[in-house]
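Report on the structure given below.
2 protein chains.
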Amino acid sequence: DVRDAVVSFFRHKQQNEGALAFKRIVVTAGPTHEPLDPVRYLANRSSGRQGYAIAEALADLGASVTLVTGPTDLRSPAGVTIIRCETAREMQAAVSRLENLDAAICTAAVADWRPATEAGQKMKKKERNDAPAPLPLVANPDILAEISSSGSSRPTLVVGFAAETENVEDYARAKRLRKGCDWIVANDVSPAANVMGGHENQVILITSDSSEHWPRLTKEDVARRLAMTIADWFSSKTEY
Amino acid sequence: DVRDAVVSFFRHKQQNEGALAFKRIVVTAGPTHEPLDPVRYLANRSSGRQGYAIAEALADLGASVTLVTGPTDLRSPAGVTIIRCETAREMQAAVSRLENLDAAICTAAVADWRPATEAGQKMKKKERNDAPAPLPLVANPDILAEISSSGSSRPTLVVGFAAETENVEDYARAKRLRKGCDWIVANDVSPAANVMGGHENQVILITSDSSEHWPRLTKEDVARRLAMTIADWFSSKTEY
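Residue numbers (the working numbering), protein chains in the order written: chain B, 3 to 242; chain Y, 3 to 242.
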């Protein structure tokens, strides 16, 4: 539509002038859905809203953004390349095909596990009152850890997200070291915080030597602030 | 909005004149989401579209409709009472509180199983490469079977839905007998049929003594035809 065309025009213009001009950035967003059979799946409550907002904020600063997204109901942001996927393995394959990235911002809530097998036909319930068999699970690929350890092709800046319901900062610091990423954006997704699926977020930005506690902001404002922080980081690097 | 007000007005008027005037009907719709922890859940691909369309079609014929719905992205139909729920147990509780029903149309894709326990905090992944433990499941309440066997408070007409990916008619006939409902609307939800989440449906209406194969129709047309069939059934009953 007209709005998209206007946004795309100015984003294109920014790509020669913005603070993130000529930077290629991948953003992962949304949940993954991990099928048990043709009708059932394991999922999580990520709406994708924070990741989509970050993709837009980076594009607004002139970055060339690819958004790799799991299933969401969100409108595709204008001026951003979209790759849709459903499972963690599809997301991994999509991300691994991207090259020459300056930064990777991994907001997607990738399922840690998936059903060990996907039935080709709908699984039938046994006799009533029979206890169902436990569902065998296997670990999914760890996309953030893989990007962080991708050697000479590693993006200069890798940012992970940590959604926790308790011990948020401690878990997030440990996650940063374990995954090998540069920054972690940590947030509290316990139901009381109303972040998962909601419109606001309250995050802690964790780097190798600092923790910044940001105030509660709309997801758009968190995105803009993160995009500015990323732009500042790139510009401080190129000064030397 | 204005459209809703107009629709509600005419629905209200129909409630004295329509073919289903003075009939109280519950429609269940949508998937259920069965939580593992605060962020993860088991789900299924039902969009709720067929059930919402049936609720509207019944209301258009003057019925007083209560729509008990799992999580969907659909607009609430005007002139219909809505009860929102998330899990099978919540849906069961909501349905069981309704009394004096003339008919129950159970389109919801209620999860057969749920995780045996719901963790209060987000479940943590173990060391990388550790195989995750199988997920223990338990059977959910069987809402259709419970309504069908509710004795003196049983609705006069109980209609179930059967979504299958193979042997559709056979499975559906067996389901009708097992659940004790009057009719089953059976459909093929294999990915090739593109029904789950899609806009069209092709169904078989199975009663105690017949199988009607309907042509492929929009979900709205399936809904209107089913609503007319229900109205005809009630009117043929009252002739004697």
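Note that beta-carbon positions come from the ideal geometry of N, C-alpha and C, so glycine has one too.
Excluding residues up to 5 positions away in sequence, Q16, Q17, E19, G20, A21, L22 and A23 lie with their Cβ nearer than 7 angstroms to the Cβ of G64 of chain B in the same chain. Between the alpha carbons of A7 of chain B and P79 of chain B lies a gap of roughly 11 angstroms. Taking 7 angstroms as the CB threshold, Y43 of chain Y lines the interface with chain B.
In the structure shown, T34 of chain B adopts coil according to DSSP, grouped into three states.
The closest CA to that of V224 of chain B, considering only B:E171, B:P33, B:S48 and B:A57, is found on B:A57. Secondary structure note for D223 of chain Y: its alpha helix (DSSP H) is the uninterrupted segment K221 to T240. Per the C-alpha coordinates, the member of B:P73, B:S150 and B:E214 positioned closest to A31 of chain B is B:P73.
By the 16-neighbour rule on beta-carbons within 10 angstroms, R218 of chain B is exposed. For D75 of chain B, the nearest beta carbon of chain Y is closer than 7 angstroms to its own beta carbon.
When the Cα atoms are used, S152 of chain B and L38 of chain B turn out to be separated by approximately 31 angstroms. Residue-level contact check: N46 of chain B touches chain Y, since one or more beta carbons of chain Y fall below 7 angstroms from its beta carbon. The Cβ of Q123 of chain B sits closer than 7 angstroms to at least one Cβ of chain Y. Restricting attention to Y:G200, Y:A45 and Y:Q204, the CA atom closest to the CA of R227 of chain Y is found in Y:Q204.
Per DSSP, the continuous beta strand (DSSP E) segment holding S213 of chain B begins and ends at S213 to H215. At a cut-off of 7 angstroms between C-beta atoms, P193 of chain B counts as an interface residue with respect to chain Y. Within the DSSP secondary-structure output, I186 of chain Y pairs in a beta bridge with Y:G162 and Y:I208.
Counting the other Cβ atoms within 10 Å of the Cβ of K177 of chain B gives 16 or more, which makes it buried. Nearest Cα to I107 of chain B within the set B:A164, B:R116, B:S238 and B:E92: B:A164.
Per DSSP, N18 of chain Y lies in no beta strand (DSSP E); the unbroken alpha helix (DSSP H) holding it starts and ends at V4 to E19. Taken atom to atom, the span from the alpha-carbon of Y54 of chain Y to that of A147 of chain B is near 43 angstroms. For L137 of chain Y, the closest Cβ of chain B is nearer than 7 angstroms.
Boundaries of the beta strand (DSSP E) around S66 of chain Y: S66 to T71. Distance from the CA atom of R86 of chain Y to the CA atom of A110 of chain Y, rounded to whole angstroms, is 12 angstroms. Contact of M198 of chain Y with chain B by beta-carbon distance below 7 angstroms involves V41.
In the DSSP assignment, V140 of chain B falls within the unbroken beta strand (DSSP E) covering L139 to A141.
The beta-carbon of P134 of chain Y is placed less than 7 angstroms from the nearest beta-carbon of chain B. Taking 8 angstroms as the upper bound for CB-CB distance, V97 of chain B and V28 of chain B are in contact here, some 6 angstroms apart. Per the coordinates, the alpha-carbon of M198 of chain B lies some 18 angstroms from the alpha-carbon of T34 of chain Y. Following the DSSP letters along the chain, one finds L63 of chain Y in no alpha helix (DSSP H), marked with neither H nor E. Here I149 of chain Y has V97, A106, C108, R156, P157, V160 and C183 as same chain residues with Cβ atoms under 8 angstroms from its own Cβ, once five neighbours each way along the sequence are excluded.
B:R42 is the residue among B:R42, B:V9, B:K221 and B:T71 whose C-alpha sits nearest the C-alpha of P193 of chain Y.
Per DSSP, reduced to three states, the secondary structure at E120 of chain B is coil, with no helix or strand assignment. Closest in alpha carbon position to R116 of chain B, among B:N142, B:M230, B:L100 and B:R51, is B:N142. Below the 7 angstroms Cβ cutoff, chain B contributes K127 as neighbours of D114 of chain Y, in chain order. Counting only residues of its own chain and dropping the five nearest sequence neighbours on each side, L103 of chain B has a CB closer than 6 angstroms to the CB of R26, V28 and P157. Per the C-alpha coordinates, the member of Y:L44, Y:S237 and Y:L100 positioned closest to L139 of chain Y is Y:L44.
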